[in-house]
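These protein sequence lines are chains A and B, in that order.
Start counting the first sequence at 0; every next residue gets the next number (numbering that gives the first Met the number 0).
Start counting the second sequence at 0; every next residue gets the next number (numbering that gives the first Met the number 0).
Even glycine gets a Cβ: it sits at the ideal position worked out from N, Cα and C.
This report concerns only the one structure given below.
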Amino acid sequence: MSEINEGWLEVSEETGIELEDIIRFDHDNKTYCVYKLEDGYYATDGLCTHETVHLEDGLVMDDEIECPMHQGIFKIKTGEAISPPACIDLKTYPVKVDNGKIFIKI
Amino acid sequence: MSLKKISIIGAGQAAAYAANEIRKHDKELGITIFNEENYLPYERPPLSKDSITNKKKYEELSFFSKEFYNSENIQFINKSVKKVDFTNKTLITNDEKLEPYDNLLITTGSKNKKLNFGVDQQDISDSILYLRNIEDSKIIKESINTHKTFAIIGGGFIGLEVASSIAQLGKKAYVIEMGQQLMGRVIPTQIAKLVSSYHEDKGNVILLETNIVSIELKNSVYKIELNNKSTLEVDFIIAGIGSKANTDLFENTSLNINNGIVTDEFCRTSEENVFAAGDVANFFHPFYNMQMRLESYQHAQNHGIAAAKNILGQNLPYIHIPWMWSDQFDLNLQLIGVCNNFDQEIQRGNNLEEGIIYFFIKQKKIMGACGIGKAGKVGRDIRLAGKILETKVDVDIDDIKNKEVKLTTLLKR
Ligand SMILES: Cc1cc2nc3c(=O)[nH]c(=O)nc-3n(C[C@H](O)[C@H](O)[C@H](O)COP(=O)(O)OP(=O)(O)OC[C@H]3O[C@@H](n4cnc5c(N)ncnc54)[C@H](O)[C@@H]3O)c2cc1C
Ligand code: FES
Chain A
0 MSEINEGWLE VSEETGIELE DIIRFDHDNK TYCVYKLEDG YYATDGLCTH
50 ETVHLEDGLV MDDEIECPMH QGIFKIKTGE AISPPACIDL KTYPVKVDNG
100 KIFIKI
Chain B
0 MSLKKISIIG AGQAAAYAAN EIRKHDKELG ITIFNEENYL PYERPPLSKD
50 SITNKKKYEE LSFFSKEFYN SENIQFINKS VKKVDFTNKT LITNDEKLEP
100 YDNLLITTGS KNKKLNFGVD QQDISDSILY LRNIEDSKII KESINTHKTF
150 AIIGGGFIGL EVASSIAQLG KKAYVIEMGQ QLMGRVIPTQ IAKLVSSYHE
200 DKGNVILLET NIVSIELKNS VYKIELNNKS TLEVDFIIAG IGSKANTDLF
250 ENTSLNINNG IVTDEFCRTS EENVFAAGDV ANFFHPFYNM QMRLESYQHA
300 QNHGIAAAKN ILGQNLPYIH IPWMWSDQFD LNLQLIGVCN NFDQEIQRGN
350 NLEEGIIYFF IKQKKIMGAC GIGKAGKVGR DIRLAGKILE TKVDVDIDDI
400 KNKEVKLTTL LKR
């Protein structure tokens, strides 16, 4: 890993990832989701804050991720819970692309 | 005439979201909610599931906090409404006080149907447990914590969810269902069978096409004789035999009632300035061109919001596609649209790990879909089924069958 990537973890190659795709990334017993939106990549915790369900199975609509279990909705860019039963915000994380690879900082 | 005040009967989900929505648009309007429960509006799904299995505390169920209602100036009157005088636009509370209203929103929800074993067995009828509110859930939870075996009368969603909680707590439930399958005819038989075996694998017993012949209560044990000649011995009986719209209050009034309070797509009832939303309303659905009454979390919320907007004069028809879920063990079942009007039933997926969904298709258009799978596995495709059906596009059966084809591609065509 190059020095400028220190503290960043590699998630995946960028190729093949389409708009509104979700990439699940597991690290250190925790799970994260990286989303491809119109203006770039964003990352949040990978589990819904309502019940522990993987958001990778959810549906991205514009800048929102809808949980596949009870349709709780979060804003991807801020993690804000905007529709119940989800009421606790998701944590968000910085993401960058370097040399065709996606990185997350946890 | 400009609006001055809105009165709401029943402090449930539809009421909470209606009040919240009104405040988003109007900071001045008086909002008064008549609340007969001892709690601020709260969510009911955990009552049969996570609150019984200790995953969610009863104190955590409110939609909004006390501070929220205070700061938004949403007033509660902790009384039940006994009568409504539509001619004089007045509510009469249980302590005989008269409360005039300008605009009225009725959100009284639904009430459980009750079993009656006749006058000789009044004590047995009275001892049967039902589940509708926090108090009921606490009583059921306590009975599960202190006893071992339970008869659940009725294999509908709530009964099965309680049975699932019972098994998760290491106890045993006998589910007695008189129909040929669980969860009634709205759920595909194949899914009902999967749910049945899942319960049996976890230690519950599912008895279909079974009726109760007699019940005896001796030394705190119920002896239940069944039509298949067998006898069950259980510590408690919990009944979930369905519910009906909570409209008792309006009997012998001019309000049009027919399987709930009849409303149009704008949540308007037959009475001027009187609206109804949530479980209690039998509303006109323009998309399906029919009246429908739903008992679901998401509908209660969205319908409450729609009523608020229409009370404020926004004239927006309510067109949400019906959607509901039931969680049992680690399974999540979802239903979208209507699943009883179709010429083709198409299966997508073949195992619970990845989810199985039945699509109901009529003249190449999706009418509804019902799926089940491990938590989270059917949600996306069910949601997309809803979005696709709204667009009324023709679908290719092979695309629906093939899990490799993303349903989003059908939307983009
Ligand atoms: C145990 C249980 C589990 C559920 N699980 C699910 C689930 O998993 N998924 C799902 O989609 N849906 C589920 N539901 C359904 C969902 O909770 C309801 O559809 C929703 O609560 C309906 O909201 P509502 O506002 O119409 O009525 P409610 O939330 O029932 O509120 C009605 C309120 O009106 C009050 N009231 C009635 N009459 C009067 C009166 N005369 N004066 C004053 N107050 C009055 C009642 O006491 C009650 O507080 C469940 C329901 C129950 C009971
Ligand atoms: S688990 Fe995500 S909304 Fe319930």
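Taking the CB atoms as reference points, tell me whether residue i and residue j lie closer together than 9 Å.
i	j	result
B/Leu39	B/Ser136	no
A/Ile75	A/Phe24	no
B/Ala299	B/Gln74	no
B/Ile345	B/Ile360	yes
B/Val279	B/Thr106	yes
B/Ile91	B/Asp101	no
B/Pro321	B/Pro285	no
B/Lys171	B/Gly202	yes
B/Gly336	B/Ala368	yes
A/Gly78	A/Ile21	no
A/His53	A/Ile87	no
B/Leu454	B/Ile399	The question about residue 454 of chain B has no answer here: the residues shown for chain B are numbered 0 through 412.
B/Gly9	B/Asn245	yes
B/Ser325	B/Lys112	no
Identify the contact partners of residue i in chain B, using a Cβ-Cβ distance below 9 Å as the criterion.
i	result
A/Glu65	Gly378, Arg379 and Arg382
List the residues of chain A whose Cβ lies closer than 7 Å to the Cβ of residue i, in chain order.
i	result
B/Gly375	Val52, His53, Asp56, Pro67 and Met68
B/Asn331	Met68
B/Gln297	Gln70
Starting from residue i, trace the beta strand (DSSP E) both ways and give me its first and last residue.
i	result
B/Glu336	It should be noted that the sequence gives Gly, not Glu, for residue 336 of chain B. Run containing B/Gly336: Leu330 to Gly336, per the beta strand (DSSP E) assignment.
A/His26	Ile21 to His26
B/Gly158	No beta strand (DSSP E) contains B/Gly158, which is instead part of the alpha helix (DSSP H) from Phe156 to Gln167.
A/Gly39	Gly39 to Asp44
B/Thr148	Thr148 to Ile152
A/Ala80	Ala80 to Ser82
B/Tyr221	Val220 to Leu225
B/His302	No beta strand (DSSP E) holds B/His302; the alpha helix (DSSP H) holding it covers Tyr296 to Ile310.
A/Ile16	From DSSP, A/Ile16 is part of no beta strand (DSSP E); its letter is neither H nor E.
B/Ile205	Val204 to Leu206
B/Ser213	Ile211 to Lys217
B/Ser109	Ser109 to Asn111
B/Ser6	Lys4 to Ile8
B/Asp326	Trp322 to Gln327
B/His284	Ala280 to His284
A/Cys47	Per DSSP, A/Cys47 belongs to no beta strand (DSSP E) and is neither H nor E.
A/Met68	Careful: A/Met68 lies outside any beta strand (DSSP E) and carries neither H nor E.
Ends of the alpha helix (DSSP H) at residue i?
i	result
B/Arg379	Gly378 to Thr390
B/Leu409	Thr407 to Lys411
B/Pro69	Before going further, note that residue 69 of chain B is Asn rather than Pro in the sequence given. Per DSSP, B/Asn69 belongs to the alpha helix (DSSP H) from Lys65 to Ser70.
B/Ser142	Ile133 to Thr145
B/Ser253	Per DSSP, B/Ser253 belongs to no alpha helix (DSSP H) and is neither H nor E.
B/Leu193	Thr188 to Asp200
B/Lys23	Gln12 to His24
B/Lys400	Ile396 to Lys400
B/Gln346	Looking at the DSSP string, B/Gln346 is not in any alpha helix (DSSP H); the run it does join, the beta strand (DSSP E), is Gln343 to Asn350.
B/Ile123	Gln121 to Ser126
Taking Cβ-Cβ distances shorter than 8 Å, what residues in chain B pair up with residue i?
i	result
A/Pro83	Glu42, Phe62 and Gln300
Should the segment 121-131 of chain B be called in touch with the segment 28-39 of chain B, which here means at least 3 C-beta pairs below 8 Å?
-> With a cut-off of 8 Å, the segment 28-39 of chain B and the segment 121-131 of chain B do not count as touching, because too few Cβ pairs lie within range.
Quick check: the segment 149-162 of chain B against the segment 68-80 of chain B, are there 3 or more CB pairs under 8 Å?
-> no
Three or more C-beta pairs below 8 Å linking the segment 348-365 of chain B and the segment 26-46 of chain A | no
Which residues, in chain order, sit with a beta-carbon under 6 Å away from any heavy atom of ligand 2?
-> A/Cys47, A/His49, A/Glu50, A/Val52, A/Cys66, A/Met68, A/His69, A/Gly71, A/Pro84 and A/Ala85
Counting pairs of Cβ atoms below 8 Å between the segment 63-72 of chain A and the segment 377-387 of chain B, do you hit three or more?
-> yes
Touch check for the segment 251-264 of chain B and the segment 282-297 of chain B: three-plus C-beta pairs under 8 Å?
-> yes
Stretch-stretch touch, CB-based, cutoff 8 Å, three pairs: the segment 32-42 of chain A with the segment 7-20 of chain A = yes
Would you be able to state if there are at least three C-beta pairs under 8 Å between the segment 302-314 of chain B and the segment 13-20 of chain B?
-> yes
At least 3 beta-carbon pairs within less than 8 Å: the segment 189-206 of chain B vs the segment 157-171 of chain B = yes
Contact between the segment 232-243 of chain B and the segment 52-68 of chain B (3+ Cβ pairs under 8 Å) = no
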